[in-house]
Amino acid sequence: MKLRSRFPAILFCLAAVLFFLPIHAAAQSYSFSLPPMGWASWNSFGNAYDSTTIQKQAQAMVSSGMKAAGYQYLLLDEGWWLGVRDEAGNLVVDKQQWPAIQPGEQAGDMANIVRYIHSLGLKAGIYTDAGEFGCSYLGPDTGGPRPHTGSYGHYEQDFLQFARWGFDYVKVDWCGGDKPNLDPMLQYTEIARAITDAERQTGQHLFFSLCEWGRQRPWDWAPGVGGVIEDMWRVGGDITDPIVDDSLPVHVQRKVGAANILKNFDDGIHPEAQHTGFYNDLDMMVIGMRGMSEELDRMHMSLWAVAASPLMVGADLTKLTPSQKTTLTNAEVLAVNQDPWGLQGVKAGESKQGLEIWSKVLSKPGQRAVVLLNRTTSSGVISFTLGQLGLRADSAARVRDLWAHQDVGEANPSFSQTVAAGEAAMFLVTGREPESKTYSPEPKHKASGVACPRCSVETNRREYLVFAHIQAKREVGLVMISYKKPSGAPSLVFMQVNGQPPTRVGLFAADQPVSAAVQAVFDTGRANTIQFWSVDGSENPVTAISVSAE
Ligand code: GLA
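The sequence shown begins at 1 in my numbering and counts up one residue at a time.
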């Protein structure tokens, strides 16, 4: 009798478990994705590459020591597909470009190259466009080489295919979306849903990389778009054009160099949108490419590390020099980029115009990664104080040079270094955190007066929590969110500071302490308000916050 009355409930629970199982199973392995590290084909090969190219790059990723340092993805950017579909709309690929690699494989099956990449312990990424046409389509009159290399009209089918082939990562460009004036937020939301569906059907996780170049402020809507629990979004234009032919005159190729690197870095700083799982993407790197010097390589690496940008290398890995490999695999610099909190560095001050201090909060208490950047044309002394880094000024902090791999003294309470023109120095500073202030939620509110114009997911504010009267002396402050450990899939909550666009935060449970670190942009002139509500309308797991913004 007892059992009978419980039977529907048991069935319901079983159905719920089955429904959530693939997401949850996947979440175990990817819920803490740090900024992706890998290689992408575009900068060095453009549309001209094939299975052999990728196999060689994969081998070089292993033999160069990059795999051991943490690089893992090989991204097949535009050029892998000619735009042919069969009668059922399935993608058809060139059998010569993608032949069998192992006995028993069929030519023209992208699973071949994925298996090869996986066999080296690496992961595979693929590329498509949100619109009908890829970026290399030059229009009907010009005889564009790749007429229909976009996924528009085929989202479910294509992302399911990518997952079935075994890919682990997908970059979705916006060239075809621009032409018919599609809305990027809506299209990327549909794509995110197609990806989530594909993951549910196959159990294969696809890391989602959006490429809209920052035109419609993706940092306001791309974190967690469509409910995905991690993604990255491009924040600016291409850092270079592909250099596929060294004999081409420079004016037909955009030059690789400091100007483009600094522009992408400046375009990419949106600390309020970035936290574990959600990353501003400053673009593929140009370290090791024509036009770069050892100093420029180190400056580039320092900036991408302090910004916690994805690190996708664009150079031909088979041609890296020992010094380029050393720059790319510096474990202390990579540890800054891969810090579990995933927070972006922010500008902490300027010694003089063009002599800048950038500081990134790290998860170990009292630690900051600091980049001193000299944008001027002459060498200059750059000084920072512990107060600028948000550390206590009443006790000395240790300073370690991450490029020289040595301790270089103390900040007590300031530290100075001469930095050559156009170069960057990078340090780990270990001091003491000031006290943070803990806030409890106000009694529950019934409705919100704050607009959410670009929320891509239906909002449900029945459970929203408000933290009020937050005083901040710093414009960008650290907020630690305490929450109840979810029993199933990771929770996604919206967080909104004052009237700013809300951002989504992933509250991953598993083996982490149940708090999440985010940064908020505060108004230093008045009391601030932060509110949270759950993305899917489920119970709001947030319990308290503590704020460091002194
Ligand atoms: C755009 C993207 C690049 C690359 C090319 C491929 O320009 O921004 O990163 O994917 O398309 O054509």
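By construction, the Cβ of each residue, glycine as well, lies at the ideal position given by its N, Cα and C atoms.
It should be emphasised that the depicted structure is a prediction, and the values quoted were computed from it without experimental measurement.
For a cut-off of 8 Å, the C-beta gap from Phe133 to Tyr169 is around 22 Å, too long to register as a contact. For Tyr279, the uninterrupted beta strand (DSSP E) run begins and ends at 278-281, by DSSP. For Met312, the enclosing beta strand (DSSP E) covers residues 311-313. Counting along the chain, Gly166 sits inside no alpha helix (DSSP H), nor does DSSP assign it H or E at all. Judged by beta-carbon spacing, Gly131 lies within the 8 Å limit of Leu182, meaning their Cβ atoms are closer than that value. Shown here for Gln531: same chain residues with a beta carbon closer than 6 Å to its own, the five before and five after excluded, namely Tyr464, Val466, Gln496 in chain order. When the alpha-carbon of Gln367 is set against those of Ala68, Arg400, Ala308, the nearest one is in Arg400. Close CB contacts of Arg164 within its chain, under the 7 Å cut and outside five residues either way in sequence, are with Thr202 (chain order). Counting along the chain, Ala58 sits inside the alpha helix (DSSP H) bounded by residues 51-63. From the listed residues Leu389, Leu122, Gly422, Ala425, the smallest Cα separation to Pro413 is found for Leu389. Contact check between the region 275-285 and the region 297-315: three or more CB pairs, one atom from each, fall below 8 Å, which counts as touching.
In this structure Leu74 touches Gln57 by the C-beta definition: roughly 6 Å separates them, less than 8 Å.
Considered as a whole, the region 160-219 harbours 169-173, 207-211 as its complete beta strand (DSSP E) runs of no fewer than 3 residues, in chain order.
Inter-segment contact for the region 312-323 and the region 332-346 is absent: fewer than three beta-carbon pairs are separated by less than 8 Å. Below 8 Å, enough C-beta pairs join the region 476-485 and the region 542-549 to call them touching: three or more.
Between the region 372-392 and the region 412-431, the count of Cβ pairs shorter than 8 Å is three or higher; the stretches touch.
Here DSSP, grouped into helix, strand and coil, assigns Asp129 to strand. In the structure shown, Asp401 adopts extended strand secondary structure according to DSSP, grouped into three states.
Excluding its 5 nearest sequence neighbours in each direction, Val542 has C-beta neighbours in its own chain below 7 Å: Leu465, Ile481, Tyr483, Val493, Phe532, listed in chain order.
When the alpha-carbon of Gly314 is set against those of Ser51, Met61, Arg432, Leu34, the nearest one is in Met61. Residue environment analysis places Lys123 among the buried positions, since at least 16 neighbouring C-beta atoms fall within 10 angstroms of its C-beta. Here DSSP, grouped into helix, strand and coil, assigns Lys360 to strand. Within a 10 Å sphere around the beta-carbon of Lys67 sit 16 or more other beta-carbons, which makes this residue buried. DSSP, reduced to helix, strand and coil, places His270 outside both helices and strands of the structure shown, so it counts as coil.
Rounded to the nearest whole angstrom, the C-alpha separation of Val408 and Tyr439 is 38 Å. Annotation: Trp98 is outside any alpha helix (DSSP H) and is labelled neither H nor E by DSSP. Between ligand 1 and Asp178, a heavy atom-to-CB distance of less than 7 Å is absent. In this structure, DSSP gives Ala516 an extended state, which the three-state scheme calls strand. Inclusion of Gly89 and Ala258 in the CB contact set at 8 Å is not warranted, their separation being larger than that value. Rounded to whole angstroms, the separation of the alpha carbons of Lys364 and Val346 is 18 Å. A distance below 8 Å separates the beta carbons of Gly506 and Ile229.
Taking Leu160 as the centre and dropping the five residues before and after it, the same chain places the C-beta of Ala198 closer than 6 Å to its C-beta, in chain order. A Cβ-Cβ distance of about 6 Å is found for the pair Met110 and Val93, placing them in contact under the 8 Å criterion.
Set against 7 Å, the gap from the CB of Glu78 to the closest heavy atom of ligand 1 is smaller.
Close CB contacts of Arg392 within its chain, under the 8 Å cut and outside five residues either way in sequence, are with Leu386, Gly431, Arg432, Glu433, Pro434 (chain order).
Sequence-distant partners of His270 (beyond 5 residues in either direction) whose C-beta falls short of 8 Å from its own C-beta, in its chain, are Trp219, Val235, Asn280, Gln344.
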